[in-house]
Each structure stands twice: as C-alpha cells, then as structure tokens.
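Residue numbers (the working numbering), protein chains in the order written: chain S, 288 to 700; chain V, 288 to 700. Data first, discussion second: the structure below is written as structure tokens.
Number of protein chains: 2
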Amino acid sequence: MALIVKKFGGTSVGSPERIKNVARLVAAAQAKGNRVAVVVSAMSGETDRLLKLSLEVAAKPDAREQDMLVATGEQVTIALLAIALRDLGCPARSFTGWQAGFTTDTDFTRARIRSVDAERVIAALDAGEVAVVAGFQGVTPEDEITTLGRGGSDLTAVALAAAIAADCCDIYTDVDGVYTADPNIVPDARLLARVSYEEMLEMASLGAKVLQARSVEYAANYNVPVRVCSSFTDNPGTMVTKEDSSMEQVLVSGVTLSKNESKITVQGAPDRPGVAAQIFQAIAEAGILVDLIVQNVSREGTTDITFTVLKGDSERTREALAPVLAAVGAKGVVAADNLAKISIVGTGMRSHAGVAAKMFKALADEKINILSIGTSEIKISCLIESKYAELATRILHEAFALGSGSVAGDRDL
Amino acid sequence: MALIVKKFGGTSVGSPERIKNVARLVAAAQAKGNRVAVVVSAMSGETDRLLKLSLEVAAKPDAREQDMLVATGEQVTIALLAIALRDLGCPARSFTGWQAGFTTDTDFTRARIRSVDAERVIAALDAGEVAVVAGFQGVTPEDEITTLGRGGSDLTAVALAAAIAADCCDIYTDVDGVYTADPNIVPDARLLARVSYEEMLEMASLGAKVLQARSVEYAANYNVPVRVCSSFTDNPGTMVTKEDSSMEQVLVSGVTLSKNESKITVQGAPDRPGVAAQIFQAIAEAGILVDLIVQNVSREGTTDITFTVLKGDSERTREALAPVLAAVGAKGVVAADNLAKISIVGTGMRSHAGVAAKMFKALADEKINILSIGTSEIKISCLIESKYAELATRILHEAFALGSGSVAGDRDL
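Written out as structure tokens, the structure is:
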C-alpha cells in the first residue's frame with residue numbers, strides 16, 4: 288500500500304500494443320492496493336513527426352506555437368493509456384500539463400517548472416482512479432502551453448512525486464537500471480541496486496543516459512526516492528536515493544563513458560586577469576556547454592587554455608571564439624576531435640585517498656595516454672583517444688573490481 | 288476594413304502545402320486592413336487516425352478520454368497555421384478551445400456550447416494578430432476537454448463570430464457555395480448568391496452537406512451573416528442571411544436529394560391514442576432520426592404507420608420496434624430500402640400556392656411514383672425509388688426554371 292508515480296518513456300508507449308502492456312502493469316500495481324499516478328511521454332517518433340510537419344510550413348517555427356504543436360504528443364498518449372486502463376476495468380483519468388497543475392515560466396521549448404498544484408490529480412487518486420498525467424508540458428500563469436524540453440517527462444514525474452509526496456517515483460526505460468558500466472562494452476557489468484543522487488547526477492552528465500540530470504537535481508532537492516527500471520522485464524532496477532553510510536564504503540560505483548568529445552585549445556592567450564572570463568563568456572552566450580577546463584603554465588606572458596565540448600559543438604565554438612581571440616590578441620585556436628571522456632564515479636571517493644592514482648596507473652599500464660583530467664568530489668574524468676574508449680572502460684571496471692564476479696565493489700551484499 | 292471569422296475544414300488544411308495556402312489567403316485578408324480570426328478543423332484523416340488508435344487499445348473507448356484524444360487534431364492544425372502565418376510575416380497566435388473561452392456542457396463527444404468568453408481572442412485581434420482558434424472543441428466548467436461532435440468546427444466559427452460581433456463568418460469548403468442542385472447531377476445548376484437561414488437549414492437537413500444544421504440554427508439565432516465559399520477558387524460563394532423581401536419573390540431556391548433512405552411500415556397497429564407515441568418514443572430512445580411520417584386510413588380498428596429513416600438505421604429501427612410491436616399488438620413491420628428523398632426548398636413557398644401541385648405533376652409526367660410526401664413551410668419532400676433520383680432532380684430543376692439558362696428563379700438579377 289504505497290503512493291507511487293510511474294513514468295513511461297516514448298519507447299514504452301510506442302504502439303497501441305505497448306500502451307496495453309503499460310496499462311496491464313499499472314492496473315496490476317493498482318490492484319495490489321497502491322495508489323498510482325502515471326506520467327507518459329509522446330509515443331516514440333511522434334514528437335519528431337510533429338516537428339517535421341512544422342518545418343514543412345516554416346523554416347524557423349515560432350517557439351510558442353511549436354510548444355502548442357508538440358504538446359499534443361503527450362496528450363494523445365495520456366488519452367490512449369486512460370482508455371486502455373478503463374478497458375481493463377481500472378478506473379483512470381487523464382490530465383494534460385495544465386490540468387495537472389504544472390505552472391512554468393514562459394521560456395517556450397525549455398520552460399522551467401515554477402510550481403505544481405496537483406489538486407485534481409490528488410482528487411482522482413482519492414476517488415480510486417489512476418491519474419494519467421502528460422509529461423514534458425505545463426502552462427504559464429497566462430495560460431500559455433509550454434514544454435519542458437527534451438527528456439522533460441522524467442522531470443514531470445519527479446515533480447509530481449514531490450507534489451503529491453509519493454513514496455517512490457518509478458522511471459521505466461528500455462534498460463534495467465544503472466549499471467557499473469555499459470553492458471555492451473563490459474559483459475560482466477553489474478546492475479546497481481542503489482546509487483546516491485550525487486552519483487546519478489555525475490553519471491547523467493557523463494553520458495549514462497538513464498536519467499536526465501535536471502530530474503535528478505529536482506529529486507535530490509525534494510528528496511524523492513527514484514527507481515530506474517525496465518518496462519520490459521521484471522528486474523527491480525536501481526534506487527536513486529539520499530547518500531547513506533553504506534554507500535561510503537564503496538570507492539567507485541561505476542565507470543561511464545562519453546564519446547564524441549572535442550578538445551579545443553586557445554593558443555597564446557595573454558596571461559592577464561579577465562582573458563579566460565572573456566573566452567568562456569563568449570562560449571556560454573552561444574549556449575555551448577564546456578567541460579574539463581585546463582590552463583597550462585604561462586610562458587613569456589602567454590598561456591594555452593584547453594577545454595572540451597561535445598563534438599557537434601566544435602565548429603560553433605570556434606565561431607563563437609573568433610571575435611574574442613582577435614580582441615584579446617590570442618595566437619589561434621586548434622581543435623582535436625575523436626576524443627572520449629572516461630570517468631569513474633563514487634560517493635566513497637570523498638573519504639578515500641588514492642583513487643585517482645589507481646585510475647591513472649591502470650590506464651598507464653595499458654599505455655593509454657591521458658590528454659586532460661577533470662575532477663569533482665565524487666568523480667574523476669580523463670580525456671583519452673576515442674579508439675581506446677572501450678578498452679579503458681573494461682580496464683577501469685576490472686581495476687576497481689566492479690564486475691559481477693567481484694565482491695569488493697558490491698554494496699548490495 | 289471588417290472583422291471577419293474564416294473557417295477552414297479538414298480538406299483545406301489537409302497537408303503542410305495546403306496549410307501554407309490557407310496562410311497566404313488569411314494573410315492577404317489581414318493585409319487589406321481586416322481583422323481576422325480563423326477557425327480550423329483537424330487535418331483530413333487525422334481524427335479517423337486517432338479514433339483508430341483508440342480502438343486498438345479498447346473495444347469501447349471512454350467518451351471523456353476520446354475527447355481528450357481527438358481534441359489534439361485541431362490543436363496540431365492551429366499551431367501549424369500560426370507557424371505558417373508568422374513565417375509570412377503575419378503576426379498570429381493560436382488558441383485551443385479552452386484558451387479561446389468555449390465553455391460547453393459535459394456531454395462528451397457531442398457537447399453543446401454554453402458560452403463563449405472570447406476575451407483572449409479579442410486581445411489578440413486588438414494587438415494586430417490573427418487569432419487562430421481550434422474548431423470542434425471546448426471545456427466544461429470543471430476544465431474537462433470536450434468536443435462538439437462531427438462537423439462542430441462550423442459551429443465553433445459561427446459561435447466565435449457571434450461572440451466577437453464579426454461582420455461575417457466565411458466558411459471555406461471544397462465546394463463553391465450553395466447550388467440550385469448538385470452540379471454533378473444537374474450540369475446547369477447555378478450557384479446561389481444568397482439563401483435565407485431557413486432555406487439553408489432545410490437544405491442542410493435534406494442532404495446538401497455544405498453547412499451543418501446546428502451551425503445554421505446558431506447563425507440564425509445570433510443573426511451572424513455566413514458566407515459559404517471555396518478555399519480553392521476565388522468565387523464569392525453564397526451568403527446565408529436573414530430572409531428579406533427579395534427572397535420571397537422566388538418560389539423555389541433549390542432541389543436537394545438524399546439517397547439512402549429506408550421506408551419502414553408498421554402494419555396493423557391498433558388505431559387508438561398513444562400507440563404512435565409508443566412507437567416513436569422507442570425509436571427516439573435508440574437515437575434514430577425519423578422523417579416523413581404518414582399514417583394511413585384506419586380499417587377494422589387497425590392502421591398502418593409509415594415513416595423513413597436513413598438506410599444505415601433500418602435494422603436498428605426494426606430491433607428497437609420489436610418489443611413495442613409485441614406490446615401494442617401490431618401485426619408486423621416491413622422495410623423498403625433503396626429509396627431517395629427529393630425536395631424543393633424556397634422561402635417563397637410561404638406566400639405562393641400551387642408549388643406542390645407543380646412538383647407532383649412534373650414527377651407524374653415522367654411516370655415517377657411518389658411513395659410518401661412530407662412538407663414544411665418552405666419545403667416539399669417526396670420519397671421515390673432510388674433509381675429515379677437523378678432524373679427527378681433534373682426534372683424539378685427544369686420545372687422550376689432554376690438553371691443558369693433560366694431567369695425566372697434568379698433572385699440575384
């Protein structure tokens with residue numbers, strides 16, 4: 288007997304047959320005596336179909352109208368799921384974003400949730416109904432329909448769980464949960480029973496696409512227990528929760544990999560205060576995310592500044608830099624593509640020394656050169672050549688004994 | 288410089304290319320200094336696609352959820368049209384039914400408009416924007432999304448025109464307007480420049496599918512001038528307005544034809560008060576529309592009651608009658624299919640005698656047998672065998688001199 292929010296992504300509701308599967312899963316949870324609210328995305332492919340239509344009538348669709356358009360995707364899914372649930376004899380009621388009380392700012396196509404007034408959802412739950420809520424969307428105080436941006440359905444689910452004080456928010460995806468490494472690369476990668484919000488955040492931002500970073504932040508802020516699991520198997524999945532003492536006993540929880548990194552080096556920048564600020568200001572204004580910033584030692588009054596961006600942003604970064612480099616009198620900019628960022632993540636790093644040394648040694652033993660290094664309290668990232676990406680993942684997975692054949696890293700025992 | 292509501296049906300917005308055509312047409316009207324609100328239907332085929340999806344998840348979709356589902360069809364069109372208009376440099380803003388202030392009752396899938404609070408639409412028009420409003424939908428006082436039933440977009444347009452006191456409501460269809468007869472049957476059928484609300488109502492209910500009867504009633508109640516015209520040609524179309532003295536000078540405005548009629552005869556019903564009421568009560572409860580009721584002379588205390596229904600309702604009518612016939616002790620029921628109803632409509636009939644005689648004689652001259660007759664103040668309908676339908680249409684069109692080669696029936700001279 289719990290109050291649960293269950294979120295199903297586009298793949299899980301990608302066809303009428305799959306919607307019926309989801310309905311059976313939800314009805315079963317309801318039949319066990321739980322109170323269930325469901326958040327769904329648009330059927331897979333639907334958002335792209337709608338965006339394509341908009342590009343057939345205009346080169347640059349207006350953002351407000353684009354939100355009006357794509358918000359229909361989730362509305363179709365909530366209606367179909369409620370219809371399927373009622374067909375199973377399970378009382379259900381669908382709610383668009385505005386009906387479910389999601390108020391956002393007016394930043395169309397990437398609005399931020401301002402408040403959730405879940406009165407109608409709670410009334411439906413109190414009436415014994417499954418509340419089926421459209422993910423990814425909300426409404427401004429002026430009653431304009433907005434969307435939260437790609438992946439926003441996870442955020443809807445977590446925010447709804449916070450608003451109705453749910454016991455858990457189950458995020459159903461096409462993977463079983465969070466693994467110690469990508470099982471496609473590391474065959475004995477192990478499903479983690481629990482990770483902390485902080486670990487999940489690092490993993491999300493490092494390329495493990497299980498859960499969107501904004502959702503994890505929101506869950507951490509409101510202390511919503513999130514369970515990541517598969518809609519296609521019965522695996523219990525991975526719980527994402529507050530850090531606890533058991534987590535600290537594990538040095539490293541997982542190895543994550545982000546390919547498609549570009550390294551940008553600004554050469555011969557004047558070594559005086561404010562130059563770096565100007566450079567990164569220009570990049571930020573272009574909306575490009577920067578990672579692994581390294582400034583080399585100054586020589587003859589100039590310095591090299593190196594950082595990474597996603598490969599797709601490489602050219603735009605150089606364009607954004609051009610006027611700044613001219614203004615500050617830097618020598619030039621070079622970019623290296625085909626790089627990968629490999630990272631180890633673990634709450635236990637906070638209280639353990641020697642983790643970085645162990646990581647660098649493991650890579651060095653295999654003659655893998657490290658091009659840049661970045662760290663946070665619970666993460667160490669190394670930039671390496673892309674061709675070593677999979678090898679490095681397996682090496683580090685084994686070095687920190689994360690595999691199912693190991694016990695050292697297993698906090699679930 | 289006028290305030291105009293323009294309504295485009297599913298065919299007119301059936302593809303991105305056609306939506307761009309509509310955008311050009313609307314932008315041109317706006318550029319002439321008019322203030323324009325647009326009402327659109329779902330892209331042709333979209334409503335059926337959505338209903339098909341719902342039938343793939345449940346045999347009998349819940350009505351509330353079905354409205355939630357199909358309301359997305361118009362929402363897609365308003366967004367695309369607003370995007371296309373903005374792409375042409377024409378300021379535009381789309382509104383769903385609830386945003387445009389359409390409040391309805393809670394009769395899902397066939398809701399009735401209770402009120403239109405067009406505040407936001409008027410604000411957009413005042414700001415120099417084209418207001419693009421979703422047809423066919425509204426919201427209950429409890430914020431539940433409803434639809435007005437098939438063809439409801441015409442009603443949305445007329446109701447919006449009434450709410451904002453528009454000078455005219457232009458209904459764009461795939462025909463040029465209202466003709467004296469179906470031009471596919473009568474080659475010299477003539478486009479009528481004007482018809483009265485009453486004539487249009489009779490024509491709508493008699494099978495001329497230009498304009499839905501509910502919309503004509505609404506327009507008559509609020510005295511909204513409606514123009515029926517084509518989105519594919521530049522024809523001025525047909526104005527539907529209040530009756531005026533010029534209209535009375537014309538005996539007959541048009542000939543309409545409804546094929547697919549069934550004649551049902553209840554045989555040997557006891558000739559006592561209340562029997563007919565019981566019979567038609569049972570049919571009404573089954574939601575079947577009845578027309579052309581004829582009761583024959585009583586013989587030996589019993590009578591035959593004959594009426595017509597749409598052929599598709601024939602079997603359901605007999606099913607609905609079965610228990611009543613047993614209860615009242617009628618002998619039985621027979622049905623004749625393959626019948627057509629041919630009608631002449633004209634405001635002038637009110638003040639002219641001999642119209643019916645002329646009609647019957649014209650049919651008799653060609654040996655076409657009349658099986659039943661029904662009349663209203665401005666209409667005479669005859670049930671005939673289906674095989675004579677087209678011939679009878681041409682005969683009556685000529686008998687009342689309605690063709691483009693004639694002058695007698697032309698009120699536009």
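Each residue gets a CB set at the ideal place from its N, CA and C atoms; glycine is no exception.
- Restricting attention to beta strand (DSSP E) runs no shorter than 3 residues, the region 397-477 of chain V encloses them at 400-403, 417-421, 424-426, 432-434 and 455-460, ordered along the chain.
- Under the Cβ criterion of 7 Å, Thr396 (chain V) is not counted among the residues facing chain S.
- Bounds of the beta strand (DSSP E) holding Glu548 (chain S) are Gly541 to Pro557.
- The alpha-carbon of Lys645 (chain S) is positioned some 35 Å away from that of Tyr459 (chain S).
- It is roughly 18 Å from the alpha-carbon of Glu431 (chain V) to the alpha-carbon of Ser440 (chain V).
- Residue range Val642 to Asp652 is occupied by the alpha helix (DSSP H) that includes Lys648 (chain V).
- The C-alpha of Lys618 (chain V) is placed about 13 Å away from the C-alpha of Glu587 (chain V).
- In chain order, Val292, Lys294, Val326, Gly422, Cys456 and Ile458 place their CB closer than 7 Å to the CB of Ala444 (chain S), counting only its own chain and leaving out the 5 sequence neighbours on each side.
- For Asp624 (chain S), the uninterrupted beta strand (DSSP E) run begins and ends at Gly619 to Val632, by DSSP.
- Straight-line measurement puts the Cα of Glu489 (chain V) at about 19 Å from the Cα of Ser532 (chain V).
- The shortest CA-to-CA distance from Ile551 (chain V) to any of V:Asn510, V:Thr593 and V:Gly641 is the one to V:Thr593.
- Using a CB distance below 8 Å, the part of the region 328-339 of chain S facing chain V consists of Leu337, ordered along the chain.
- Within the same chain, and ignoring the five residues on either side of Gly332 (chain S) in sequence, the residues whose Cβ sits closer than 8 Å to its Cβ are Gly297 and Gly301.
- Residue-level contact check: Asp349 (chain S) touches chain V, since one or more beta carbons of chain V fall below 7 Å from its beta carbon.
- Relative to the Cα of Ala379 (chain V), the nearest Cα in the group V:Gln565, V:Leu412, V:Asp394 and V:Asp354 belongs to V:Leu412.
- Ala449 (chain S) places its beta carbon less than 7 Å from that of Val511 (chain S).
- By the Cβ criterion, the region 311-331 of chain S is in contact with the region 361-368 of chain S, since at least three pairs of Cβ atoms, one from each stretch, lie closer than 8 Å.
- Excluding residues up to 5 positions away in sequence, nothing lies with its Cβ nearer than 7 Å to the Cβ of Ala318 (chain V) in the same chain.
- Taking the Cβ atoms as the reference, Ala571 (chain S) lies roughly 12 Å from Arg603 (chain S), outside the contact range of under 8 Å.
- Comparing alpha-carbon positions, the option among S:Leu498, S:Asp374 and S:Leu683 lying closest to Leu650 (chain S) turns out to be S:Leu683.
- Chain V has a Cβ within less than 7 Å of the Cβ of Leu356 (chain S).
- Setting aside the 5 residues that flank it on each side, Ala369 (chain S) is surrounded in the same chain by Ala379, Arg380, Ser381 and Val419, each with a C-beta closer than 7 Å to its C-beta; the list follows chain order.
- Contact of Thr359 (chain V) with chain S is assigned, a C-beta pair being separated by under 7 Å.
- Interface flag for Asp413 (chain V) against chain S is unset, since no Cβ pair is found closer than 7 Å.
- Per DSSP, Gly296 (chain S) lies in no beta strand (DSSP E) segment and is marked neither H nor E.
- Going by beta carbons, Pro557 (chain V) and Val611 (chain V) fall outside the 7 Å limit.
- With the rule of 3 Cβ pairs closer than 8 Å, the region 459-478 of chain V counts as touching the region 512-526 of chain V.
- Shortest Cα-Cα distance from Ala468 (chain V) to any of V:Leu447, V:Val497 and V:Ala446 involves V:Val497.
- In the DSSP assignment, Leu340 (chain V) falls within the unbroken alpha helix (DSSP H) covering Glu333 to Val344.
- Chain S places no beta carbon closer than 7 Å to that of Asp600 (chain V), leaving this residue out of the contacts.
- Identification of chain V residues near Val309 (chain S) by a Cβ-Cβ cut-off of 9 Å yields none; the smallest Cβ-Cβ distance measures about 10 Å.
- Annotation for Lys666 (chain S): the continuous beta strand (DSSP E) segment containing it runs Lys666 to Glu672.
- Sequence-distant partners of Arg501 (chain V) (beyond 5 residues in either direction) whose C-beta falls short of 7 Å from its own C-beta, in its chain, are Leu442.
- Sixteen is the threshold: since fewer than 16 other Cβ atoms of the shown chains lie within 10 Å of the Cβ of Gly599 (chain S), the residue is exposed.
- Take Val562 (chain S), set aside five residues on each side of it, and the residues of its chain with a beta-carbon closer than 7 Å to its own are Ala556 and Val615, in chain order.
- Distance from the Cα of Leu479 (chain S) is smallest, within the candidate group S:Gln499, S:Glu504, S:Asn522 and S:Asp454, for S:Asn522.
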